[in-house]
Amino acid sequence: MYQYDQYDQAMVDARVAEFRDQCQRRIDGKLTEEQFKPLRLMNGLYLQLHAYMLRVAIPYGTLSGRQMRALADIADKFDRKYGHFTTRQNIQYNWIKLEDAGDILAELAKVEMHAIQTSGNCIRNISSDHFAGAAADEVTDPRPYAELLRQWSSFHPEFSYLPRKFKFAVIASDTDRAAMRLHDIGIQIVRNEAGELGAAFYVGGGMGRTPMIAPCIRQFVPLDQLITYSEACLRVYNRYGRRDNKYKARIKILVHELGAEEYTRQVEAEFAHLLEQGIEPPFAELARIRTFFEDPAFEAGAADELDRSDPDFAVWADRNTHPHKQAGYLSAVISLKPVGGIPGDATADQMRLMAQLAEDYSFDECRVIHTQNIVLPHVRKADLYAVWQKLEASGLGTPNLDQVGDIIACPGLDYCSLANARSIPVAQRISERFAANGKGETLGELKLKISGCINACGHHHAGHIGILGVDKKGVENYQLLLGGSEAEDTSLGKITGPGFSEDGIVDAVETAADVYLAQRQDGERFLDTYRRIGMEPFKEALYG
Amino acid sequence: MAELLRFRDDAVPAEPAVTVDAFVEQSNALAVRIEPGDDARKLIPFLDRLRLVEVNFPVFGDGRGYSAARILREHGYSGEMRAVGDVLVDQIAYLQRCGFDAFEPDEPLAAEDVEKALARFPQAYQQTTDGRIPIWDLRHGTAHG
Amino acid sequence: MNILTGNDLKTGAVIWWDGAGWSLHLDDAADAGDDAAAIIAREEAARRVNAPYAINAERTGSGVRPAHIKDRIRGLGPTVRPDLTLKPEDPQAVHEVI
């Protein structure tokens, strides 16, 4: 894992002091709310439905046991003993006091964490593949590049007042586990024919009210020009992105309006100019960062067999693990989606347990997945049973990875001041329904994603089944979408037709699932069947 | 008249600033005012005769002026670069890093707050034209031994 | 009735104008009538409330009920965590806001 040096620590400490000062100026009345708002947002502090909410950055989703424990302690000391893991691999606290914000940041800084740029019209937390460094299919660990980008984007003087927020994702395999093409910039680290590593740039993706899949604007940027190329992409956006309408201010609109070709032409011209400016960190810096992401000391010849004699364990092991590049190891996914639970929420005690498991069984590392679950990336197969027993005892052993119960849900109208409808209760009802009717396992992979408003924090456009909550004359109403995917076969879901009530949407999801079960052919997932048969059979069953 | 906060030793240019279009057309203009939508690159052929660049920030959240300033500095402009308008103490350090060396805020800034804001961050992660050595260079000493 | 709400500046807690000051309890909300804008301006300037706004509500047999579900949820707490609402002992409270 990356570790701060004196410089990184000094920067974070300086931000703590700065934000403490800004909070005090607000409390003292030296800043109006209008002036304070962009400052607090740039530090992840929102005013939400019930209180202030603090979003803490988890760079590329990676946490040590000590960091996870610190998050638990903050939940206990400053919040209501829980936190919410988000689709951007971050954590949010829902009940923060403004007068505590400085102290919380100081606690975070002690474990090399922060809330810098977790909101506001700036470059946000850099997300990445949660199986980075563990997956067999990656060309390299993408996180050193994400860390290089993290440093470059932190306190960037030119790009802190962009037209709108800006999100990067970095992956390094053909399998996309980070919704890369639905980011403002998606980077895939690739190897060219000469065997050199470089970066493919996808620019202008996003969800929100105008979802778009990012086009590739350059197949191969040499790694020693990664920052310079990113800077060129951002400068063109900062200069020409729309500022007249916040709903048209994301880079996807600029790329769409200019056309990918013209946007690329402008970026290339800026890039040529910036190459002469010497803004790229030297290769030695990338090499330094890489040393923090070297493989841990895997045990050579670790037993490659799982003891499957406990059938409940066998179900979980089949469902919630991912193959590891190292023989004898697996990545284990901890589901934060118990039946009827709140997706992504974890209590302080559960966080402590996960911290302990990371320390004892996963080389002191865990990861946050954008699907609001947690990964122990490097678990010996021989230890998996012990890990599962401890998870099971704490309500963390639900075997539902990528199944219909593994629902992404934004906080919705229960917490969020932007929401139009509640998301969490819908997720709870659907998860309970499919647990009760026993169809969850039969359905196999079925990614269900729920947003409580058009901003799409719950990724509803990218769900095999998506649900969008809307406000229909003061009553919650839910639209159903089918056919989205955030993976390498990226696609955007289509709305089935008129929306449903809260009860109606649960029935509608089951109806759609039944159409799939009746129509599927060998080996097809829900998404495959939908793509083969199209929307009509689903519409017929839903509205016919 | 807003107060001028200046980090230069030379005399304050007295010429009135004209629009970018007017500057490009008038061969005797010495000062220009860049609005957020203006293309600063239009000024590149005329940097020799430029004494003063004012960059207007009608609202502090419109960050186009940061790019305008950096572009001119990257092309070698060394005269006064003045941020004008809705310029608040919380933006001043970033403005300085992008090449501004004078500030004319609508609301006067307390000198003490400005000093504190400019001294807040000990280092910087990025290379700009402000002369500060970025953290990666401090780590590796690549460009400065 | 026309009632006023906002958040406490320091704690962020949801608060309601009760005619003389700010209360944590929606049922204390008073009709601000035509004075809403003046009260908001005065209270915000004095930093006794943050981000205040006026909403429509009606007084019912059981208390004050805002017209919009968002404000009803603000008045109680998250419907998915009855234990964290202002009425943790009342299991019906969550259903009444919907």
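Protein chains in written order, with this note's numbering: chain S, 18 to 561; chain B, 45 to 189; chain Z, 34 to 131. Here a beta-carbon is modelled for each residue, glycine too, at the ideal position from N, C-alpha and C.
Interfacial residues, the stretch 244-257 of chain S to chain B, with Cβ spacing under 7 Å: R252, N255 and R256
Expected contact under 8 Å - CB spacing of A90 of chain Z and I36 of chain Z to nearest Å: Here residue 90 of chain Z corresponds to residue number 57 of the third sequence, with the count starting at 1. Here residue 36 of chain Z corresponds to residue number 3 of the third sequence, with the count starting at 1. Right, the Cβ-Cβ distance comes to about 5 Å (below 8 Å), so this counts as a contact.
Between the CA atoms of V356 of chain S and A565 of chain S - distance to the nearest angstrom: Because chain S spans 18 through 561 in this model, residue 565 of chain S falls outside it and cannot be assessed.
L125 of chain S classed as buried or exposed, judged by whether at least 16 other C-beta atoms fall within 10 angstroms: The residue you call residue 125 of chain S lines up with position 108 of the first sequence. Buried, by the Cβ-count rule.
I48 of chain S - containing beta strand (DSSP E), residue span: Along the first sequence, one-based indexing puts residue 48 of chain S at 31. The residue you asked about is not Ile; residue 48 of chain S is Leu in the sequence shown. Careful: L48 of chain S lies outside any beta strand (DSSP E) and carries neither H nor E.
Inter-residue Cα distance where the pair is I471 of chain S and D145 of chain B: Against the first sequence, residue 471 of chain S aligns to sequence position 454. Against the second sequence, residue 145 of chain B aligns to sequence position 101. Distance between the alpha carbons of I471 of chain S and D145 of chain B: 42 Å.
Anticipated Cβ contact below 8 Å, L498 of chain S with G483 of chain S, distance rounded: In the first sequence, the residue the question calls residue 498 of chain S occupies position 481. In the first sequence, the residue the question calls residue 483 of chain S occupies position 466. Contact flag correct, Cβ pair sits at about 4 Å.
K489 of chain S (DSSP reduced to helix, strand or coil): Counted from its first residue, the first sequence places residue 489 of chain S at position 472. Strand.
Whole-angstrom distance between I467 of chain S and L374 of chain S, CA atom to CA atom: The sequence position of residue 374 of chain S within the first sequence is 357, counting from 1. The sequence position of residue 467 of chain S within the first sequence is 450, counting from 1. Cα to Cα, L374 of chain S sits roughly 30 Å from I467 of chain S.
Alpha carbon of I230 of chain S to alpha carbon of M552 of chain S, nearest angstrom: Reading the first sequence from its first residue, position 213 is the one you call residue 230 of chain S. Reading the first sequence from its first residue, position 535 is the one you call residue 552 of chain S. Roughly 21 Å between the two C-alpha positions.
Simplified DSSP state of S440 of chain S, which is helix, strand or coil: Numbered from 1 along the first sequence, position 423 holds the residue referred to as residue 440 of chain S. DSSP places S440 of chain S in coil when its eight states are reduced to three.
Chain-ordered neighbours of R129 of chain B on chain S, where CB pairs are closer than 8 Å: Against the second sequence, residue 129 of chain B aligns to sequence position 85. According to the sequence shown, residue 129 of chain B is Gly rather than Arg. By Cβ distance, chain S contributes nothing, its closest Cβ being about 13 Å from G129 of chain B, past 8 Å.
Beta carbon proximity, H101 of chain Z to chain S, threshold 8 Å: Looking up residue 101 of chain Z in the third sequence gives position 68. For H101 of chain Z, the answer is yes, since a Cβ of chain S falls inside 8 Å of its Cβ.
D335 of chain S: CB within 7 Å of a non-hydrogen atom of the ligand COA: Within the structure as shown, the ligand COA is missing, as the structure has no ligands at all.
Per-residue contacts from S111 of chain B into chain S (C-beta, under 7 Å): Taking the second sequence and counting its residues from 1, one reaches residue 111 of chain B at position 67. Going along chain S in sequence order, the residues near S111 of chain B (Cβ under 7 Å) are E175, R252, N255 and R256.
Contacts around S56 of chain Z, its chain only, beta-carbon distance under 7 Å, and the 5 residues preceding and following it disregarded: Translated into the one-based positions of the third sequence, residue 56 of chain Z becomes position 23. For S56 of chain Z, where only same-chain residues beyond five positions count, the Cβ hits under 7 Å are I48 and W49.
Proximity test, Cβ basis, 8 Å: P166 of chain B and chain S: On the second sequence, residue 166 of chain B is found 122 positions in, with the first residue counted as 1. Taking Cβ atoms only, chain S reaches closer than 8 Å to P166 of chain B, which makes this a yes.
Straight-line gap, R194 of chain S to A504 of chain S (C-alpha atoms, nearest Å): Counted from its first residue, the first sequence places residue 194 of chain S at position 177. Counted from its first residue, the first sequence places residue 504 of chain S at position 487. The alpha-carbon atoms of R194 of chain S and A504 of chain S are separated by roughly 6 Å.
First through last residue of the alpha helix (DSSP H) which encompasses I270 of chain S: Residue 270 of chain S sits at position 253 when you count from the first residue of the first sequence. I270 of chain S -> alpha helix (DSSP H) spans I268 to L275.
C-alpha distance - G94 of chain Z paired with Q52 of chain S, whole-angstrom precision: Here the question's residue 94 of chain Z lines up with position 61 in the third sequence. Here the question's residue 52 of chain S lines up with position 35 in the first sequence. Answer to the nearest angstrom: the Cα atoms are 42 Å apart.
Beta-carbon gap between L122 of chain S and I44 of chain S smaller than 8 Å: In the first sequence, residue 122 of chain S corresponds to position 105, counting from 1. In the first sequence, residue 44 of chain S corresponds to position 27, counting from 1. Against a cut-off of 8 Å, the Cβ pair of I44 of chain S and L122 of chain S comes out as no contact.
Where the stretch 548-561 of chain S meets chain Z: residues whose CB sits under 7 Å from a CB there: none
Exposure of P180 of chain S, with buried meaning 16 or more beta-carbon neighbours within 10 Å: Numbered from 1 along the first sequence, position 163 holds the residue referred to as residue 180 of chain S. Buried, by the Cβ-count rule.
Buried/exposed call for R267 of chain S, threshold 16 Cβ in 10 Å: Residue numbering aside, residue 267 of chain S sits at position 250 when the first sequence is read from its first letter. So R267 of chain S ends up on the buried side.
Residues of the stretch 266-292 of chain S with Cβ closer than 7 Å to any Cβ of chain Z, in chain order: none
Secondary structure of F144 of chain B, DSSP reduced to three states: Counted from its first residue, the second sequence places residue 144 of chain B at position 100. Coil at F144 of chain B, not helix or strand.
Segment contact flag, the stretch 160-173 of chain B with the stretch 114-127 of chain B, C-beta cutoff 8 Å, min 3 pairs: yes
A23 of chain Z: first and last residue of the uninterrupted beta strand (DSSP E) it sits in: Summary: the structure shown does not reach residue 23 of chain Z, with chain Z confined to residues 34 through 131, and so no result is reported for it.
Minimum Cβ-Cβ distance from R126 of chain B to chain S less than 8 Å: As a first step, residue 126 of chain B must be located in the second sequence, where it is residue number 82. Chain S, which has no Cβ nearer than 8 Å to the Cβ of R126 of chain B, makes this no.
C-alpha gap between M371 of chain S and G82 of chain S, whole angstroms: For the purposes of this step, residue 371 of chain S is taken as the residue at position 354 of the first sequence. For the purposes of this step, residue 82 of chain S is taken as the residue at position 65 of the first sequence. Going by the C-alpha atoms only, they are around 8 Å apart.
T79 of chain S, DSSP secondary structure in three states: For the purposes of this step, residue 79 of chain S is taken as the residue at position 62 of the first sequence. In the structure shown, T79 of chain S sits in a strand (DSSP, three-state: E or B).
C427 of chain S versus L71 of chain S: straight-line alpha-carbon distance, rounded: Residue 427 of chain S sits at position 410 when you count from the first residue of the first sequence. Residue 71 of chain S sits at position 54 when you count from the first residue of the first sequence. Each residue's Cα considered, the two are about 15 Å apart.
Interface flag, I108 of chain S vs chain Z, CB-CB below 8 Å: Indexing the first sequence from 1 puts residue 108 of chain S at position 91. For I108 of chain S, the answer is no, since every Cβ of chain Z falls outside 8 Å of its Cβ.
As assigned by DSSP and simplified to three states, the class of L374 of chain S: For this step, residue 374 of chain S is matched to residue 357 along the first sequence. In this structure, L374 of chain S counts as helix in the three-state DSSP scheme.
Proximity test, Cβ basis, 8 Å: G175 of chain B and chain S: As a first step, residue 175 of chain B is located in the second sequence; it is residue number 131 there, counting from the start. False, the Cβ-Cβ gap to chain S never drops below 8 Å.
Members of the stretch 90-122 of chain S near chain Z, C-beta cut-off 7 Å: R97, I113, K114, L115 and E116
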